[in-house]
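**Q** Protein chains in written order, with this note's numbering: chain E, 3 to 504; chain V, 3 to 504.
By construction, the Cβ of each residue, glycine as well, lies at the ideal position given by its N, Cα and C atoms.
Once you've had a glance at the structure underneath, I'll fire off some questions.
There are 2 protein chains.
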Amino acid sequence: MLDMKSKNPVINQILDAYKPIWSIKHATALMEWDFETYMPRKGTEERGVADSQLHLLYKERLLSKDFVDLVESAKKQEGLDNLERGVIRMLDRKITKETKIPKELTEAESLERIEGNMVWRQARAKSDFKLYEPHLEKMVEIKKQIADKIGYEKHPYDALLDTFEEDLTVADLDRVFDVLTPRIQRILKKLVDSGSPFCNESSLGRQEYDIQQVDALNREILTLMQFDMERFRMDISTHPFTQSMSLNDVRITTRYEGTDFKRSISSTIHEGGHALYDLQCDQSLSATPVEGGSSLAIHESQSRFWENIVGRSRPFVQLVSPLIRKHVSFADQASDDELYLYFNTVKPDYIRVDADEVTYNLHIAIRYEIEKKIIEDKLAVSEIPEFWNDRMEQLLGVRPARDSQGALQDTHWSSGLFGYFPTYTLGNLVSAMIASKMRQDLTDYQENIRKGDFKPIREWLRLKIHQYGSVYAPKTLLQNIFNEGYNPDYFIKYIEDKYLMS
Amino acid sequence: MLDMKSKNPVINQILDAYKPIWSIKHATALMEWDFETYMPRKGTEERGVADSQLHLLYKERLLSKDFVDLVESAKKQEGLDNLERGVIRMLDRKITKETKIPKELTEAESLERIEGNMVWRQARAKSDFKLYEPHLEKMVEIKKQIADKIGYEKHPYDALLDTFEEDLTVADLDRVFDVLTPRIQRILKKLVDSGSPFCNESSLGRQEYDIQQVDALNREILTLMQFDMERFRMDISTHPFTQSMSLNDVRITTRYEGTDFKRSISSTIHEGGHALYDLQCDQSLSATPVEGGSSLAIHESQSRFWENIVGRSRPFVQLVSPLIRKHVSFADQASDDELYLYFNTVKPDYIRVDADEVTYNLHIAIRYEIEKKIIEDKLAVSEIPEFWNDRMEQLLGVRPARDSQGALQDTHWSSGLFGYFPTYTLGNLVSAMIASKMRQDLTDYQENIRKGDFKPIREWLRLKIHQYGSVYAPKTLLQNIFNEGYNPDYFIKYIEDKYLMS
């Protein structure tokens, strides 16, 4: 199982030499999972020491002359197959990322992450952007220098985008948002202006639920989704996440806040979608550099496909509504229709993480515009709050009264994640591309969901996407499946059909 | 906190260079804990790869020329204090252990552990010693070769004993068992012949308990023992164990078999005793080579002190009996006296892990005799079952009818643990030495237990033992506290007082 046996001796040497590197990653992945779930709180300082030391060992091993020479010599090999080229591509990206950025910049960023994050927390609590401003300026400066060191052809932001999503460029994203933003804006306006039933807030979200009951409910939904509990588990954490220790040990967490139970259900299904990507990767890729998903956007397409396109669909709500009525006492009389509207309430609001499917990408559009302008010096850090609020008003029709509801809401910038936000929108677009193609390929698609028969859907995803791990770069993978790149049309049509036609 | 700042620059260099080694140990400790508690079962194969790769990295780093040179140069330093000498001593032991045994022997043992353990499981299930015999012969052969490579002055078994308990020799153990075995044998005979109430089996052990209730009971007992839940946690596993990720992250597990609830309570207190050793180590030793306990025997003295000397004492049973009556439905009418006798039932029987305080060391005496004879070729592997059964009959008055109840019951030999068993008895002896001295030092010793005021006991243990970690070798530590070595007299007196005088 653990051998991706290649005919090429250099590739086999690489896979062997990768084993200790993979093992360090395995250990740090477990440490991260443990940190968020079970670690006694006062173990933090020692855990921090172990974590940074293991990252140093990882880097030392990855950049060792022997290993880099092997990868370089493999790049010159002829007649490699797709899988072997995938291995080289992934390692080359990892090595390049670690080599191009000078140590001083990496250290400066690490330090600024800790300090900036701390100050950002204070600033958010006080809703005081000015407090955080000098730190954001410093981080932007570091990011610009990093972009220069990585190098780019057209736009410095391209260099940063590529670190999160292979080959993603400003040109790609402009093409996407130039269409997506105005179209969604128009749909939203129609919904609000027409007093659509989707815009009525349900009282179901305001009542307190029994956490053990909703946990049981989530576990019944995972059973419906046919998760193999011998390769998978679910625990609880403040911020839900998915962590793969290996292809045969994939773990998700969910959250129980006590009210608005759909949030817990949606989190569970969302993380379940991420988990399925790794669980259905071909076993021969286990413990190799191509075992994970192809990219952040493709991974997000999986979680959003399950969370939104399946999980918020009418047949899925029909499927799980008896379970909801069983486990959520105050919903025991709720009709399928009421539950469907509760899961799909559209409300233009300030906070991205609480946004519905319709408004979500407008939040990302604003962040993308700001990041792009900031990196090319067309916007000053000090101008962010006003720009943010103006754009919120234009796109969503609401203007944050405080920066804690505006430019201070996300942790990303203080954590150095410039270029990350757009992958959320790309994930949404790809999830709709998948749904469109799947409906053509699977005749009983809706009916199968209603019956809880997810096998055809799982198998479609496995064959088209999951089995390949990261053998293919995201753009190649999309071309292979759809014969096109990130195309917003499918998502727009999905939203129109769901919210305006029904 | 994480700096044991030494005035000696070489020691400081060593402590720095030890950080990555410590970090790998931290990761593998977490992996072991996870394996026994939460890991999805099918993650085993990849976990095995990661585990062996990290052990190779550990070894590589520990035996790197730079590190070994540092330790060698430190050995020549003058004016080192106890703490600094402890660091060198511990590292020297680790390095020597890894260097003296040639790679082929280590690999042969690893292989035989896996194969032998597998066959031992089958043999135990079928109660067929002959099936396991060739594997045990092979393991004994490997162990003899290892003893030769390590070297010894008097007895080859000394070399093996030292790997588990620093400086422990056959001479030490003969001195112990020559006194202990006949004396305990005599006490046991008196108890059985006189029809002591300790020999009546209680019906409390035969009824099925509610696992959630006994879990709540265990947690209340840990609260009584004042565990800081921000540095400690308890989970469930088949075989209870303690695992320290660091001095500020110490975890125990307990077991819930459904009947005989004292087993679960005793396991919890036993592992709690181990945990307290690490939790009360001086914080300045964190992440250094001297952060753990001094030896297996000293560690076992801590677990046995809490499990038996405190946990099975009359005042402790009085303290927890209201909790037992609250959580164990069928014990709600049990008197303190009934519970005390239930916790202290003496029954000569076949299985070591189920043995009471009185008979336990007789089980170890037999294993010690066999190991010693086997290593010096005075007993053949094929002769073990008969020797075992004969000695059981002589010492405990019971003769196993099947080898699954006799020589096949323990996993130790198939796992290559020759020389480990005696540390259990030494732990028992030291626990009684501690109790004797503690009763002199703490006037209200019994009364404090009855009131649940464990602070004086915890503090005594901290000052005399825990704070030093493994700065002192076990024999030195014992000399410092008791002015003598492993002395069986205190244990014998403790057993006599408890079982014959009351």
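Check the DSSP bridge columns for glutamate 210 (chain E) and list the partner residues they point to.
**A** E:Thr261
**Q** For phenylalanine 493 (chain E), tell me which candidate among E:Glu232, E:Val383, E:Arg306, E:Glu139 has the shortest Cα-Cα distance.
**A** E:Arg306
**Q** Under a CB-based cut-off of 8 Å, is glycine 295 (chain V) close to chain E?
**A** no
**Q** Hey, could you find the ends of the alpha helix (DSSP H) threonine 101 (chain V) is sitting in?
**A** 84-102
**Q** In terms of residue numbering, what span does the alpha helix (DSSP H) encompassing valine 312 (chain V) cover?
**A** Unbroken run through valine 312 (chain V): none, as it is neither H nor E.
**Q** Phenylalanine 234 (chain E) bridges to which residues according to DSSP?
**A** E:Val252
**Q** Which term fits leucine 182 (chain V), buried or exposed, when burial requires 16 or more other beta carbons within 10 angstroms of its beta carbon?
**A** buried
**Q** Taking 8 Å as the threshold (beta carbon to beta carbon), is aspartate 36 (chain V) in contact with chain E?
**A** yes
**Q** Roughly how many whole angstroms lie between the Cα atoms of glutamine 335 (chain E) and glutamine 320 (chain E)?
**A** 14 Å
**Q** Taking 8 Å as the threshold (beta carbon to beta carbon), is glycine 45 (chain V) in contact with chain E?
**A** Glycine 45 (chain V) counts as touching chain E.
**Q** Are the beta-carbon atoms of valine 89 (chain E) and isoleucine 23 (chain E) separated by less than 8 Å?
**A** no
**Q** For glutamate 100 (chain E), which residues in chain C fall below 8 Å Cβ to Cβ?
**A** This model lacks chain C altogether, as its protein chains are E and V.
**Q** Which runs of the beta strand (DSSP E) fall wholly inside the stretch 127-198 of chain V and span at least 3 residues, in chain order?
**A** List check, beta strand (DSSP E) in window: nothing returned.
**Q** List the endpoints of the continuous alpha helix (DSSP H) containing serine 54 (chain E).
**A** 46-64
**Q** Compare the C-alpha of glutamine 411 (chain E) against each of E:Gly153, E:Lys192, E:Asp356, E:Gly313 and name the closest.
**A** Answer by Cα proximity: E:Asp356.
**Q** With distances taken from CA atoms, which of E:Pro317, E:Ala161, E:Ala333 is nearest aspartate 262 (chain E)?
**A** For the residues E:Pro317, E:Ala161, E:Ala333, the minimum Cα distance to aspartate 262 (chain E) belongs to E:Ala333.
**Q** Who are glutamine 245 (chain V)'s beta bridge partners in DSSP?
**A** According to DSSP, glutamine 245 (chain V) bridges with V:Arg253.
**Q** Answer with yes or no whether the minimum CB distance from phenylalanine 484 (chain V) to chain E is below 8 Å.
**A** It does not: the Cβ of phenylalanine 484 (chain V) has no partner Cβ on chain E nearer than 8 Å.
**Q** Near lysine 466 (chain E), which residues of its chain fall below 7 Å by C-beta distance, leaving aside the five closest residues on each side in sequence?
**A** Ile483
**Q** Glutamate 388 (chain E) lies in the alpha helix (DSSP H); which residues open and close that run?
**A** 386-398
**Q** Sorted by chain position, which residues of the same chain lie with C-beta nearer than 8 Å to leucine 444 (chain E)'s C-beta, five sequence neighbours on each side aside?
**A** Excluding residues within five positions, the ones whose Cβ falls inside 8 Å are Asn450, Pro458, Ile459, Trp462.
**Q** Does the separation of the CB atoms of aspartate 339 (chain V) and threonine 347 (chain V) fall below 8 Å?
**A** no
**Q** Note the first and the last residue of the continuous alpha helix (DSSP H) segment covering glutamine 448 (chain E).
**A** DSSP places glutamine 448 (chain E) inside the alpha helix (DSSP H), whose first and last residues are 447-453.
**Q** Suppose you measure from the CA of lysine 477 (chain V) to the CA of valine 312 (chain V); what does that come to, to the nearest Å?
**A** 24 Å
**Q** Pick from E:Ile186, E:Ser266, E:Met440: whose alpha carbon is nearest that of valine 360 (chain E)?
**A** E:Ile186
**Q** Nearest-angstrom Cα distance between histidine 28 (chain V) and arginine 115 (chain V)?
**A** 24 Å
**Q** Counting only beta-carbon separations shorter than 8 Å, does glutamate 48 (chain V) have a partner in chain E?
**A** yes
**Q** Is proline 317 (chain E) helix, strand or coil by DSSP?
**A** Correct three-state label for proline 317 (chain E): helix.
**Q** May I ask which residues mark the beginning and end of the alpha helix (DSSP H) holding leucine 479 (chain V)?
**A** 476-484
**Q** Tell me, please, whether the CB atom of aspartate 338 (chain E) is closer than 8 Å to any CB atom in chain V?
**A** no
**Q** Within 8 Å (strictly less), CB to CB, does alanine 52 (chain E) reach chain V?
**A** Yes, contact with chain V.
**Q** Let me make sure I understand the geometry here. Which of V:Tyr211, V:Ser66, V:Asp68, V:Ala475 has the alpha-carbon closest to that of serine 297 (chain V)?
**A** V:Ala475
**Q** Would you kindly work out how many angstroms separate the C-alpha atoms of methionine 41 (chain E) and tyrosine 496 (chain V), rounded to a whole number?
**A** Rounded to the nearest whole angstrom, the C-alpha separation of methionine 41 (chain E) and tyrosine 496 (chain V) is 39 Å.
**Q** I'd like to know if tyrosine 501 (chain E) contacts chain V, where contact means its C-beta is closer than 8 Å to some C-beta of that chain.
**A** no
**Q** Does glutamine 55 (chain E) get closer than 8 Å to chain V when you measure Cβ to Cβ?
**A** Under the 8 Å criterion on CB atoms, glutamine 55 (chain E) is classed as interfacial with respect to chain V.
**Q** Once DSSP output is grouped into helix, strand and coil, what is the label at arginine 404 (chain V)?
**A** coil
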